[in-house]
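Enquirer:
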Amino acid sequence: MSEPRINDRIRVPEVRLVGPNGEQVGIVAIRKALDLAREADLDLVEVAPQAKPPVVKLMDYGKFKYESAQKAREARKNQANTALKEIRFRLKIDEHDYETKKGHVSRFLNGGDKVKVMIMFRGREQSRPEMGIKLLNRLAEDVSDLGTVESAPRVDGRNMVMVIAPVRSKADAKAESRKASRGAKGASAEVKSRREREAQAKAERRDAEADA
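Following this line, the structure appears as C-alpha cells:
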C-alpha cells in the first residue's frame with residue numbers, strides 16, 4: 133500500500149480540510165491548508181484522494197506512522213494462524229474409541245484450531261448417510277462448549293465431512309495458556325517459600341533448645 137501524499141506533494145487547487153481532532157473545517161484552497169498546517173506545526177495529509185475535492189487532514193504524520201507501525205507489530209506478535217486438524221471416525225465406532233477421539237477434538241478446539249471431522253464409510257455403509265449425520269451431530273453437541281459447526285455434514289466421495297470452528301481464537305488460547313503457566317509457577321514458588329519458612333522455624337527451635 134503506497135503512502136499518502138503530504139504537504140507540498142498535494143497538487144490540487146482546493147481540498148476538504150479536516151482538523152487534527154476530526155473537526156470539519158470545510159473546502160479551502162490548498163495554499164491556505166498548507167499555511168494552517170505550518171502554523172500548527174503539523175502535516176497536511178491526503179486521506180481520501182479519490183474524493184472531489186480530495187480530503188486532507190492536519191496531523192503529526194511522523195507520530196501517526198510510528199503508532200501505525202507499533203500497532204502492526206503488536207498485531208503480528210499476537211497473530212496465530214489457525215490450523216485445520218483432522219480426525220477420522222468409523223461409522224461403527226465403539227464407545228471407548230468415540231470418547232478418545234472426542235477428547236482429541238476437544239483438545240484441538242481448546243487450543244484454538246479448527247477440526248475437520250471425517251467419517252469413512254465402508255461398503256453398504258454408504259447407503260446409510262443418516263447414521264453418519266447422527267454421529268457427527270452427536271459429536272458437535274458434545275463439544276458445543278468449545279466449538280461451533282462451521283461446515284455442516286456433507287458427503288465427500290465415500291466420506292462424510294464436517295468442520296468445527298473453535299469458540300475462542302488461537303491467540304486467546306495461547307494467552308490463557310501462558311497465564312495458567314505463570315500461575316502454576318507462582319503457586320510452586322509460594323509452596324517452596326512456605327517450606328523454607330517452616331524449615332527455618334524448625335532450625336531456630338532446635339537452636340533455642342540446644343542453648344537451653
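Under the numbering used here, the residue at position 168 of the sequence shown is numbered 300, and the numbers go up by one with no gaps.
Ideal Cβ positions, reconstructed from N, Cα and C, are used throughout, including at glycine.
A quick note: this is a predicted structure, and the numbers were derived from the prediction, not measured.
(1) Check each candidate in Met-294, Ser-200 and Arg-327 and name the one with the smallest Cα separation from Lys-217.
(2) Where do the N-terminal and C-terminal ends of the beta strand (DSSP E) with Arg-256 fall, by residue?
(3) Between the Cα of Ala-215 and those of Asp-245, Tyr-230 and Phe-196, spot the shortest distance and give me the residue it belongs to.
(4) So what does DSSP say about Arg-326, is it helix, strand or coil?
(5) Leaving aside the five residues before and after Val-157 along the sequence, list all residues of the same chain whose C-beta is less than 7 angstroms from its C-beta, in chain order.
(6) What's the gap between the Cα of Ser-259 and the Cα of Gly-235?
(7) According to DSSP, which residues form a beta bridge with Asp-175?
(8) Going by CA-CA distance only, name the one from Glu-227, Met-250 and Arg-143 that's closest to Val-187.
(9) Let me confirm a value: Ala-169 is counted as buried when at least 16 other C-beta atoms fall within 10 Å, else exposed. Which label applies?
(10) Leaving aside the five residues before and after Asp-175 along the sequence, list all residues of the same chain whose C-beta is less than 7 angstroms from its C-beta, in chain order.
(11) To the nearest angstrom, how far is it from the Cα of Arg-300 to the Cα of Asp-167?
Expert: By the coordinates alone:
(1) Met-294
(2) No beta strand (DSSP E) holds Arg-256; DSSP gives it neither H nor E.
(3) Asp-245
(4) helix
(5) Leu-149, Val-150 and Gly-151
(6) 29 angstroms
(7) Met-191
(8) Arg-143
(9) buried
(10) Ile-138, Asn-139, Ala-169, Met-191, Asp-192 and Tyr-193
(11) 50 angstroms
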